[in-house]
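Peer 1: Let me give you the structure first, and then I'll get to my questions.
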Amino acid sequence: MLTKVFAAALQGIDATLITIEVNSQKGCGFSLVGLPDSAVRESQQRIFAAFDVLGINFPNADILVNMAPADIRKEGSAYDLPLSIGILTSVGILPYQLLEEYMLIGELGLDGRLMPIRGALPIAIRARELGFKGIILPYQNAREAAVVNNLTILGAENLSQVVKFFKGVEKSLIPTIMNTRKEFYSHQQEFEEDFADVKGQDNVKRAMEIAAAGSHNLLLVGSPGSGKSMLAKRLPSILPPLSLAESLETTKIHSVAGKLGKEGGLIYHRPFRNPHHTISTVAMTGGGSYPQPGEISLAHNGILFLDELPEFKRDVLEVLRQPLEDRHISISRVRTQIDYPASFMFVAAMNPCPCGYYNHPTHPCVCSPGQVQKYMSRISGPLMDRIDIQIEVTPVPFEELSSQRASEPSCVIRERVIKARKIQEERYKDIPHVHCNAQMTPKLLNLFAQPDSAGLQLLKTAMQRLNLSARAYDRILKVARTIADLEGSKLVQSHHLAEAIGYRNLDREDWAG
217 MLTKVFAAAL QGIDATLITI EVNSQKGCGF SLVGLPDSAV RESQQRIFAA FDVLGINFPN
277 ADILVNMAPA DIRKEGSAYD LPLSIGILTS VGILPYQLLE EYMLIGELGL DGRLMPIRGA
337 LPIAIRAREL GFKGIILPYQ NAREAAVVNN LTILGAENLS QVVKFFKGVE KSLIPTIMNT
397 RKEFYSHQQE FEEDFADVKG QDNVKRAMEI AAAGSHNLLL VGSPGSGKSM LAKRLPSILP
457 PLSLAESLET TKIHSVAGKL GKEGGLIYHR PFRNPHHTIS TVAMTGGGSY PQPGEISLAH
517 NGILFLDELP EFKRDVLEVL RQPLEDRHIS ISRVRTQIDY PASFMFVAAM NPCPCGYYNH
577 PTHPCVCSPG QVQKYMSRIS GPLMDRIDIQ IEVTPVPFEE LSSQRASEPS CVIRERVIKA
637 RKIQEERYKD IPHVHCNAQM TPKLLNLFAQ PDSAGLQLLK TAMQRLNLSA RAYDRILKVA
697 RTIADLEGSK LVQSHHLAEA IGYRNLDRED WAG
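This is the structure we're talking about:
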């Protein structure tokens, strides 16, 4: 008897339909075709062991399984559940009437338990798009999949429950229901880290507010103990909240990577990824034998923070250049190409020299000018070109550390950032793929960020006197546009440009000279 069961395969952060055809005839054998990997081929042992534990008498039969389309490689153990149900239906143990209404996905343990899988959310989204009534999957993934409305989500603890469901046993599987919009909009985000705890550093906090308002890349340069990492970890507390669309997209990426944890559900806060400097290129960009999103994709719609930037491998840093520009990463394989989104805010921190005390107000630096230049050259010009704001972080004087004056809390700063972002959303509402000032193209700069004649003269003078590089021109205009938005000004004025110029310290040719 020929039976069809429906499952899904992950391709990037999306899912594609897999039709599992099972044909049984008289005989004794098991064949699996359709480009399965070793984990899929091993499913036979897991399935038959689960049948034995559950007391399912499996008749002698020659079983042929085809996984279509055959040109897509089937990877992982998530096909155990649809394969087992297809086999039981093919040999007449289960009726076939309900099979066309449900998509099935899940890994089997030897005792018949269903184990959690990766990518339940994009699979559920695909099931709804294809018109399935529901999806049956491990109960650990039910809450994650329940984010998708207009789709029946049936979480099962073991194979026995699924078998009873297809036999028509009432309440063998209970639907998981979640009001996605209500839960999303009622969720109040709280931050453990707050700018109210930061003493002094007003100029750095101002630079971070501008960076958050325009989604500008940011580099903090300062001596050890000056507070670079502490400040960077508080940056998420002033970013605008995720929209529902951004939350769904971010959750899909973390679902595919298996990073949602036991609770599942939506991700409500912007990601903050802080990889160690020993990270490999594949871990940073994504890929591998079984392609998964890397750190730059896990930081999508959030922040990628690289502490001790010069300590990262050169090839790891250079591979960031393309996603910083294109906001996605393409991973090519022999049979396919996978695209992962990578629209993140790049934040980095570093010492100014090997000893860490170059330009320190009190601690002498023991490095020669050549050593300082060599250390700074670990960050290539093209990568530095993609960092809009470069700010020096100096140690906080004792008087400010011991001051009882209250610092401005993150919630107040965040309100100003949200107001500036709304201005940008309105400005770019009819322009595809542009949502903030950092994403402006040269054409948009001419439309929205051109200063008046006085501003142009100031910019020309600054570039000549401070020996700023030519690559700083566009970055200064983008940052100036954001400063104007924070002020509520429709035009980019001279004082906006003057402040933006001050955030290009490392472009000076006399740096470390």
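Numbered per the numbering used here, the sequence shown spans residues 217 to 729.
By construction, the Cβ of each residue, glycine as well, lies at the ideal position given by its N, Cα and C atoms.
#1: Alpha helix (DSSP H) containing aspartate 701: first to last residue?
#2: Roughly how many whole angstroms lie between the Cα atoms of leucine 520 and isoleucine 512?
#3: First and last residue of the alpha helix (DSSP H) that includes glycine 474?
#4: Comparing alpha-carbon positions, which option in Arg422, Gly480 and Met566 lies nearest glycine 444?
#5: Does the beta-carbon of lysine 290 have 16 or more other beta-carbons within 10 angstroms, so that it is buried, or is it exposed?
#6: Mind pulling the alpha helix (DSSP H) runs of 4 or more residues that sit fully within the region 565 to 634?
#7: If you reduce the DSSP assignment to three classes, tell me which class histidine 711 lands in.
#8: On the DSSP letters alone, give me the boundaries of the alpha helix (DSSP H) that lysine 444 sits inside.
#9: Apply the 10 Å Cβ neighbour rule to arginine 720 and answer buried if 16 or more other Cβ atoms are within range, or exposed otherwise.
#10: What is the DSSP secondary structure of proline 354, reduced to helix, strand or coil?
#11: Would you kindly report the start and end of the unbroken alpha helix (DSSP H) that includes glutamate 408?
#12: So, is lysine 694 buried or exposed, given that buried needs 16 or more other C-beta atoms within 10 angstroms?
#13: Whole angstroms is fine: what's the gap from glutamate 631's alpha carbon to lysine 421's?
#14: Given this structure, state the Cα-to-Cα distance separating aspartate 410 from leucine 248, to the nearest angstrom.
#15: Please work out which residues of its chain come closer than 6 Å, Cβ to Cβ, to alanine 515, disregarding the five sequence neighbours upstream and downstream, and give them in chain order.
#16: Thinking just about the alpha-carbon of each residue, which of Thr501, Gln377, Ala362 and Ser431 is nearest to the one in threonine 467?
#17: Check this for me: beta carbons of glutamate 715 and isoleucine 699, under 7 Å apart or not?
#18: For threonine 305, count the other beta carbons within 10 Å of its own beta carbon; 16 or more makes it buried, fewer makes it exposed. Which is it?
#19: Considering only C-alpha positions, which residue in the set Gly228, Leu233 and Pro611 is nearest to phenylalanine 222?
#20: My output table needs one value for serine 453: the three-state DSSP class, helix, strand or coil.
#21: Which two residues bound the contiguous alpha helix (DSSP H) that contains aspartate 230?
#22: Count the other CB atoms, across all protein chains shown, that sit within 10 Å of the CB of histidine 492; report buried if there are 16 or more and exposed otherwise.
#23: Beta-carbon within less than 7 Å of alanine 265's beta-carbon, same chain only, minus the 5 sequence neighbours each way: which residues are those?
#24: Three-state secondary structure (DSSP) at lysine 415?
#25: Work out the CA separation of valine 378 and glutamate 386 for me, nearest whole Å.
#26: Please state whether DSSP places arginine 681 in a helix, a strand or coil.
#27: Going by CA-CA distance only, name the one from Lys383, Ala448, Glu360 and Glu527 that's closest to proline 391.
#28: By alpha-carbon positions, which one of Asp278, Gly416, Asp230 and Leu389 ends up nearest to glutamate 615?
#29: The alpha helix (DSSP H) that contains aspartate 296, what's its start and end?
#30: Just the Cα atoms here: how many angstroms apart are alanine 448 and threonine 610?
#31: So what's threonine 392 in DSSP terms, helix, strand or just coil?
#32: Leaving out the 5 sequence neighbours to the left and right, which residues in its chain are closer than 8 Å to isoleucine 454 when beta-carbon positions are compared?
#33: Is it the case that the region 265 to 284 contacts the region 346 to 353, given that we only count it when at least three CB pairs across the two stretches are under 8 Å?
#34: Short of 7 Å in beta carbon distance, which residues of its chain neighbour proline 440, apart from the five on each side in sequence? Order them along the chain.
#35: Could you give the first and the last residue of the continuous alpha helix (DSSP H) run that contains methionine 656?
Peer 2: Judging by the given coordinates:
#1: In this chain, the alpha helix (DSSP H) harbouring aspartate 701 covers 688 to 703.
#2: Rounded to whole angstroms, the gap between the alpha carbons of leucine 520 and isoleucine 512 is 7 Å.
#3: For glycine 474, no alpha helix (DSSP H) run applies, since DSSP gives it neither H nor E.
#4: The amino acid at residue 444 is misidentified as glycine; the sequence shows lysine. Of the candidates Arg422, Gly480 and Met566, the one whose C-alpha sits nearest the C-alpha of lysine 444 is Met566.
#5: Counting the other Cβ atoms within 10 Å of the Cβ of lysine 290 gives 16 or more, which makes it buried.
#6: Every unbroken stretch of the alpha helix (DSSP H) spanning 4 or more residues and falling wholly within the region 565 to 634 is given here in chain order: 585 to 592, 597 to 600 and 614 to 617.
#7: It is helical.
#8: Looking at the DSSP string, the run of the alpha helix (DSSP H) that includes lysine 444 is 444 to 449.
#9: Buried.
#10: Assignment of proline 354 by DSSP, reduced to helix, strand and coil, places it in the strand class.
#11: Run containing glutamate 408: none; DSSP gives neither H nor E here.
#12: Label assigned to lysine 694: buried.
#13: Taking the straight line joining both Cα atoms gives about 14 Å.
#14: Between aspartate 410 and leucine 248, the C-alpha separation is close to 56 Å.
#15: Setting aside the 5 residues that flank it on each side, alanine 515 is surrounded in the same chain by Pro487, Arg489 and Phe560, each with a C-beta closer than 6 Å to its C-beta; the list follows chain order.
#16: Taking only the C-alpha atoms, the option nearest threonine 467 is Ala362.
#17: Yes, these two residues count as a Cβ contact at 7 Å.
#18: Counting the other CB atoms within 10 Å of its CB gives threonine 305 a total of 16 or more, which places it among the buried residues.
#19: Closest option to phenylalanine 222, Cα to Cα, is Leu233.
#20: Here serine 453 sits in helix by DSSP.
#21: From DSSP, aspartate 230 is part of no alpha helix (DSSP H) but of the beta strand (DSSP E) over 230 to 241.
#22: The Cβ neighbour count for histidine 492, taken over all protein chains shown within 10 Å, is under 16; the residue is labelled exposed.
#23: Answer for alanine 265: Leu326, listed in chain order.
#24: Assigned with DSSP and collapsed to three states, lysine 415 falls in coil, not helix or strand.
#25: Distance between the alpha carbons of glutamate 386 and valine 378 is about 12 Å.
#26: It is helical.
#27: Its Cα nearest to that of proline 391, the residue Glu360 stands out among Lys383, Ala448, Glu360 and Glu527.
#28: When each option's Cα is compared against that of glutamate 615, the closest is Gly416.
#29: Note, aspartate 296: alpha helix (DSSP H), 296 to 306.
#30: Here the alpha carbon of alanine 448 sits roughly 15 Å from the alpha carbon of threonine 610.
#31: Three-state result, threonine 392: coil.
#32: Result list for isoleucine 454: Phe411, Met424, Glu425, Ala428, Ser626, Ile629, Arg630 and Val633, in chain order.
#33: The region 346 to 353, when compared against the region 265 to 284, does not touch it at the 8 Å Cβ threshold.
#34: So the qualifying residues of the chain are Asn567 and Gly572.
#35: Counted as a single uninterrupted DSSP element, the stretch harbouring methionine 656 is not any alpha helix (DSSP H), since DSSP gives it neither H nor E.
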